[in-house]
Amino acid sequence: MSVALLMGSDSDFPRLEPCVKTLRELEIPCEARVLSAHRTPHQVVEFVESAPKRGVRVFICAAGGAAHLAGVVTAHTDFPVLGIPMDNPPLNGLDALLSTVQMPGGIPVGTLGTGSGGPVNAALLAARILALSDPALAERLARYRSSMTKKVLERDAALQLKLKG
Ligand code: RP5
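Numbering of the sequence shown is given in the numbering used here, commencing with residue 220 and proceeding in unit increments.
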C-alpha cells in the first residue's frame, strides 16, 4: 500500500520535503508528482483513476492560492484525500486553506494546517490510515511517537540545566 503526493507546482516541493522524509522514515512507499487542477486537469484525473492499480490508498494534495487540487482529486476517488494548503504570498495560505477546507458536503477533504506542520502531519495522518490494516506500520508509528517524546523531554532537561546555570 502506498501514498500519492500531488503538488500543484514544483515551486511547492521544497516545503513538502518534510512530508516525503516522514513517509520514508515510516517506510511508506510514495509517488510524488507535479499535477495541477488548473494547468493539467486531464492528467490529474488520469493519475487518480490509475493510482489504485499501483497500490495507492491515500492521496495527499498540496496546492497554494486558489487551491482546488485536493477537491478535484476527491471528486474522482473514494479513497481518503488529505489537503495541504501552501502558505504562498500574498495571502500566506489563508486563500489555500479556505479553498481546501471549505468543501461542499459529500466531497470530503481532510485538511491539514497551512505552514510547516501541514506536510509532516499529512504524512502522519496518511500513515495512521494505512496502519489501520498494517500492524507493522502501526508499530513503526508508535516508535516514531516515542522518539518524538524522548526528544522533547531531552530538550526540557537541557532548558532546565540552562536556567540553573
Ligand atoms: C498553485 O499555484 C501551486 O500549488 C502553487 O502553490 C501556486 C503557484 O505555482 P507556480 O506559479 O509557482 O508554478 O497551483
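Glycine is no exception: its CB is placed at the ideal position from the N, C-alpha and C atoms. Keep in mind that this is a model prediction, so the values were computed, not measured.
Residues near residue i in its chain [Cβ-Cβ closer than 7 Å; skip 5 each side]
i	result
V264	H295
Three-state secondary structure (DSSP) of residue i
i	result
L224	strand
P304	strand
T241	helix
P233	helix
M367	helix
Own chain, CB closer than 8 Å to residue i, minus 5 neighbours either side, in chain order
i	result
I326	G290, T293 and A294
D353	M220
S255	G227, S228, V263, A282 and L288
Closest by C-alpha distance to residue i, when choosing among the options
i	options	result
F298	R276, G283 and H287	R276
S335	G302, P308 and R234	R234
D314	H287, D353 and G329	H287
G227	P237, K381 and A251	A251
R258	L343, D229 and P237	D229
Residues of its chain near residue i, where Cβ-Cβ distance is below 6 Å and the 5 sequence neighbours each way are ignored
i	result
T333	P304, D306, G312 and L316
S269	none
Beta bridge counterpart(s) of residue i as assigned by DSSP
i	result
L330	Here residue 330 turns out to be Thr, not Leu, going by the sequence shown. Per DSSP, G302.
I279	L224 and L301
E250	A223
Contact the stretch 313 to 323 vs the stretch 345 to 354: 3+ CB pairs below 8 Å: no
Inter-stretch contact (C-beta, 8 Å, three-pair minimum) for the stretch 265 to 275 and the stretch 235 to 245: These segments do not touch.
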